[in-house]
Ligand SMILES: Cc1ncc(C[n+]2csc(CCOP(=O)(O)OP(=O)(O)O)c2C)c(N)n1
Ligand SMILES: [Mg+2]
């Protein structure tokens, strides 16, 4: 990161990161960081295969969503392409009692929580307002306001401590997702202060995908993002965000520390947004093809596939089967999205306040009268 330049076309950024699976699919037994923390994983053969399945499935469903938007069936889509390992690894590392606070891109985390992947599509199709019961799913609503969820997550984390839900192996912990750009937000820095000072049971999981829409990382920081944690008084660790094993190991350890009452951790998952920011964006206007190509060599799925082949954990039939199952799930998702009913126009006023409000009643009446003015016209 010397002179504020970003490293491009190398496997590890300056200063290194935790990596347990190389881009060639070679396992690294364990990694010990400068603070003496050792990271490793020990999965069964089935668990390795399951991780591969997760990665392929979330990419396939994401591709279907992008296609649906292109066909006019969704208003917008924020693709996770390239960030599958960061999301699957961290999502699978959560324990059932843990609470996640996503941005608008965490479809992979949502999937690994066992949630029906259709859940966020009402929001992107514009047929509902993206509300679901966070407590039922242990997965908060998608948050579009950059960084805001880190404060909600901090408050929640402080709350579960007050409720006595932390302090042992069965305790609860919180994970807040956000991007590299979000680290410049006041909200995120305030969340760091509060969490640090109150020792909140929270993991800040930053997917550094190198861009905040068109703004590259060097417009956000002069130091690697994970080092920011030092100034707030808690540990920061950088992990290869394209390595599902490492993101799992690092997240698992940080969440377990949090649930035991050992305070927050900032995880910087060093990754790359392979697609556009959203379907409304054209990344070819602000980044060069060679950069994207360099990151293609670090694809999060290919390296797990290489591992499975290398260690003879899977054959062609397995890979074909995973692809076919994911394709079927995508078709099913598509059909369900297409059959989502349009809401009655006046339902836009429902659920704004639990008890309603006179001001809202007035707006509803005005809108109802406006709609009624079309009656009888063609
Ligand atoms: C408070 C706020 N400011 C601006 C925006 C517009 N906006 C939407 S996404 C985005 C960039 C976010 O970048 P990053 O945090 O890196 O997350 P990424 O989309 O790359 O995952 C911005 C500025 C917003 N949604 N909320
Ligand atoms: Mg970003």
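In the working numbering, the protein residues as written are 1300 to 1677.
Even glycine gets a Cβ: it sits at the ideal position worked out from N, Cα and C.
For a test of the three-state rule: what should DSSP assign to residue i, helix, strand or coil?
i: residue 1515; result: strand
i: residue 1434; result: helix
i: residue 1502; result: strand
i: residue 1609; result: helix
i: residue 1678; result: This structure gives no information on residue 1678, because the portion of the chain shown stretches from 1300 to 1677.
i: residue 1357; result: helix
i: residue 1670; result: helix
i: residue 1375; result: coil
i: residue 1597; result: coil
i: residue 1459; result: helix
i: residue 1495; result: helix
i: residue 1388; result: helix
i: residue 1603; result: helix
i: residue 1521; result: coil
i: residue 1320; result: strand
i: residue 1326; result: strand
With distances taken Cα to Cα, identify the nearest neighbour of residue i among the options.
i: residue 1345; options: 1338, 1353, 1339; result: 1353
i: residue 1564; options: 1508, 1620, 1611, 1494; result: 1494
i: residue 1609; options: 1365, 1347, 1626; result: 1347
i: residue 1560; options: 1437, 1517, 1465, 1388; result: 1465
i: residue 1339; options: 1349, 1351, 1318; result: 1318
i: residue 1579; options: 1315, 1369, 1334; result: 1369
i: residue 1436; options: 1511, 1446, 1454, 1410; result: 1410
i: residue 1389; options: 1534, 1367, 1554; result: 1554
i: residue 1327; options: 1613, 1621, 1544, 1622; result: 1544
i: residue 1530; options: 1311, 1379, 1491; result: 1491
Enumerate in chain order the residues of its own chain whose CB-to-CB distance from residue i is below 7 Å, with the five nearest sequence positions on each side excluded.
i: residue 1680; result: Residue 1680 lies beyond the stretch modelled for the chain, which goes from 1300 to 1677, so this question has no answer here.
i: residue 1663; result: 1645, 1648
i: residue 1446; result: 1477, 1481, 1484, 1486, 1487
i: residue 1455; result: 1398, 1473
Which residues in the same chain have their Cβ closer than 8 Å to the Cβ of residue i, if we skip the five residues on either side of it in sequence?
i: residue 1441; result: 1401, 1402, 1403, 1405, 1419, 1422, 1429
i: residue 1462; result: none
i: residue 1507; result: 1478, 1479, 1516, 1524, 1540, 1567, 1568, 1569, 1570
Near residue i, what residues of its chain come up, given a Cβ to Cβ distance below 6 Å and the 5 sequence neighbours on each side ignored?
i: residue 1364; result: 1376
i: residue 1513; result: 1585
i: residue 1497; result: 1457
i: residue 1597; result: 1322, 1541
i: residue 1657; result: none
i: residue 1509; result: 1516, 1571
Residues with C-beta closer than 6 Å to any heavy atom of ligand 2, in chain order: 1478, 1479, 1480, 1508, 1510, 1511
Complete alpha helix (DSSP H) runs within the segment 1526-1578 (minimum length 4 residues, chain order): 1527-1531, 1543-1558
Quick one: complete alpha helix (DSSP H) runs, 4+ long, within the segment 1614-1653? 1615-1637
List, from N- to C-terminal side, the alpha helix (DSSP H) runs of 4 residues or more that fit wholly inside the segment 1394-1444. 1406-1411, 1420-1424, 1433-1436
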